[in-house]
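Converting from the sequence shown to our numbering requires adding 9 to each position, the first position being numbered 1.
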Amino acid sequence: MKYHLITLGCPKNEVDSDGMEMTLRAANIQATADADDADVLIVNTCGFLEAAKDESIGVLNELASAKRGHQILVAAGCLAQRNSDEILQRAPLVDGLLGTRRWMDVVELVQRIRGQQGANGRPMQRYSLLGDPDVDFALATPRPPVVGGSAYIKIADGCNAPCAFCTIPSFKGKLRSRPLEAVVDEAIALVNGGAKELVVVAQDTTDYGRDWGEPNSLPRLLSAICNRTGD
């Protein structure tokens with residue numbers, strides 16, 4: 010089986026897509042750059058701005074228009090979490106929805122959809138994995154080999170700020186900082202894999218650790234990364 014993954018939006022989505030890719034490969038589902046050659050089509054969507062929503066819907070419909078009988082189409086990420094009903098209205102050929110904190114369940118979703126395909130190869134119903142499970146943030150996100158010398162590390166997800174102009178907490182959830190050691194372990198793995206530059210990302214990087222009651226944890230994290238990676 011092969012997958013074709015398109016990532017839209019911010020660097021945090023890129024990190025989640027890395028995790029999805031490695032999870033798929035661990036299940037012996039291999040990447041292909043050719044959508045026509047894929048059994049599974051995945052779009053990691055952005056849903057922050059109206060233009061980003063329209064782009065995500067457009068990409069989903071572009072893939073859907075060329076989808077063959079055996080192929081399944083999955084909408085993942087922010088727009089799937091924020092506006093699942095809108096996706097199904099505007100891109101009705103989507104077969105599955107995967108929420109912002111469910112990227113690690115991508116294989117489960119694919120197996121559920123493929124497990125109930127009809128005689129014509131088409132899924133007989135849609136599946137959604139949204140919600141907010143008890144994600145084990147102590148684990149390092151699996152990452153593919155570094156390309157280009159620079160890599161992102163997501164140090165937290167979600168946001169606690171009640172900004173009136175921003176909807177991020179409604180679909181990314183409340184702040185959840187990753188344990189310092191998990192981030193450092195991922196940094197070491199990325200450097201060993203060829204990264205020369207590490208860029209820490211989150212909805213609000215300066216809030217790192219505040220959900221533990223340690224709001225000044227970012228400097229300690231950065232020091233630990235520098236000390237443990239040798240530069």
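Don't be surprised by glycine CBs; every beta carbon is placed ideally from N, CA and C.
None of these values were measured; they are calculated from a predicted model.
Buried versus exposed call for residue i [16 or more other C-beta atoms within 10 Å across all chains shown]
i	result
E190	exposed
M113	buried
L33	buried
E195	buried
T109	buried
N92	buried
L58	exposed
Q120	exposed
G124	exposed
D104	buried
Q90	buried
S226	buried
A47	buried
A173	exposed
A100	buried
Beta-carbon gap between residue i and residue j smaller than 8 angstroms
i	j	result
S169	G86	The question names Ser, but residue 169 is Asn in the sequence shown. Cβ atoms of N169 and G86: not closer than 8 angstroms.
R111	L138	yes
Y217	S186	yes
A44	A75	yes
Y12	A40	yes
L107	I96	no
V52	A84	yes
V155	A233	no
R219	L184	yes
G167	K181	yes
V49	I38	yes
L88	K62	yes
I15	V68	yes
E223	G158	no
Close Cβ partners of residue i (< 7 angstroms) along its chain, the five nearest in sequence each way excluded
i	result
M151	Rather than Met, the amino acid found at residue 151 in this sequence is Pro. The residues are G28, M31 and T32.
P153	D27, E30 and M31
Q134	Q125
Beta-carbon proximity list for residue i, same chain, < 6 angstroms, skipping 5 on both sides
i	result
I164	R187, V192, V209, A211 and Y217
P20	Y161 and V210
Neighbourhood of residue i by C-beta, 8 angstroms cutoff - its chain only, sequence neighbours within 5 removed
i	result
E64	L17 and C55
E117	L138
R237	V193, A196 and I197
T214	I164, A165 and L227
Y136	D104, G105, L106, L118, R121 and I122
G239	V200
Report task. Can you check the region 55–118 for any beta strand (DSSP E) of at least 3 residues that lies completely inside it and give the ranges in chain order? Result -> 81–86 and 105–107
Query - Unbroken stretches of the beta strand (DSSP E), 3 residues or longer, contained in the region 149–233 - result: 159–163 and 206–210
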